[in-house]
Amino acid sequence: MEMKRVLIPVDGTERSMHSLDFIKGIFPKDSVHITLMNVKELVSINGMAVAEELKDAQEIGQQILDKAAERMQGYSISTYFTFGYAGDEILKKAKEDKTNVIIMTKSTKSALIRMIGSTTSHVVKGAKCVVMIVPE
Numbered sequence: 001m002e003m004k005r006v007l008i009p010v011d012g013t014e015r016s017m018h019s020l021d022f023i024k025g026i027f028p029k030d031s032v033h034i035t036l037m038n039v040k041e042l043v044s045i046n047g048m049a050v051a052e053e054l055k056d057a058q059e060i061g062q063q064i065l066d067k068a069a070e071r072m073q074g075y076s077i078s079t080y081f082t083f084g085y086a087g088d089e090i091l092k093k094a095k096e097d098k099t100n101v102i103i104m105t106k107s108t109k110s111a112l113i114r115m116i117g118s119t120t121s122h123v124v125k126g127a128k129c130v131v132m133i134v135p136e
């Protein structure tokens, strides 16, 4: 049986790491390849991103990915860091990798329209695969 390709965006919050524990409960280690993804949204000033900030952001993103990968020890893992708008980058990566399932967590915001979060909502609308939303 072919391994399922699972994409998990993580932002370093305990809430986003919760989806990793969820996976352990539903996917045996030998049944999935997991891509852990971190996206840093770029803020540019007068059309320029500051080089030092880019370097720092990339280091922080890699630390988040390393921590998540450590939590998923025993699973087939790859990590991916990029800059951009999170929703678009998640959809692009899912398409490139022929992802079977994207697993995201619910937003902590209380307003109904923000219940699953704007990024998650964008991914749900645009995804060509299953999107699982993990409650807290």
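Residue numbers for the sequence shown follow full-length UniProt numbering, beginning at 1 and rising by one.
Beta carbons: idealized from backbone N, C-alpha and C, even for Gly.
Computed from a predicted model, the values in this text were never measured in an experiment.
Looking only at DSSP bridge pairs, what is residue i linked to?
i              : result
methionine 72  : DSSP output for methionine 72 lists no bridge partner at all.
serine 19      : Per DSSP, none; premise fails for serine 19.
asparagine 38  : Phe81
leucine 7      : Thr35 and Ile102
glutamate 26   : Per the sequence presented here, residue 26 reads as isoleucine, with glutamate not at that position. None; isoleucine 26 has no bridge partner.
isoleucine 64  : According to DSSP, isoleucine 64 bridges with nothing at all.
isoleucine 133 : Met104
Report the option in the options whose CA atom is closest to the CA atom of residue i.
i              : options                        : result
isoleucine 103 : Pro28, Met3 and Ile34          : Ile34
threonine 105  : Val6, Tyr85, Lys4 and Leu20    : Leu20
aspartate 88   : Ala57, Ile77, Thr79 and Ser121 : Ser121
threonine 119  : Met17, Val39, Phe27 and Val32  : Val39
aspartate 11   : Leu42, Asp56, Ala68 and Met3   : Ala68
threonine 13   : Lys29, Arg5 and Ile60          : Ile60
valine 124     : Leu54, Ile90 and Lys98         : Ile90
serine 76      : Leu54, Ser31 and Lys98         : Ser31
Could you check how far apart the C-beta atoms of residue i and residue j are, in whole angstroms? I think they sit under 8 Å.
i                : j              : result
threonine 79     : leucine 36     : 5 Å
lysine 29        : asparagine 100 : Not confirmed; about 16 Å, so no contact.
phenylalanine 83 : leucine 65     : Rounded, the Cβ-Cβ distance is 14 Å, inconsistent with contact.
proline 135      : alanine 86     : Proline 135 to alanine 86, Cβ: 20 Å. No contact.
Check whether the region 88-100 touches the region 123-134, taking contact to mean three or more Cβ pairs, one atom from each stretch, closer than 8 Å. yes
For the region 68-80 against the region 12-29, are there 3 or more C-beta pairs whose distance is under 8 Å? yes
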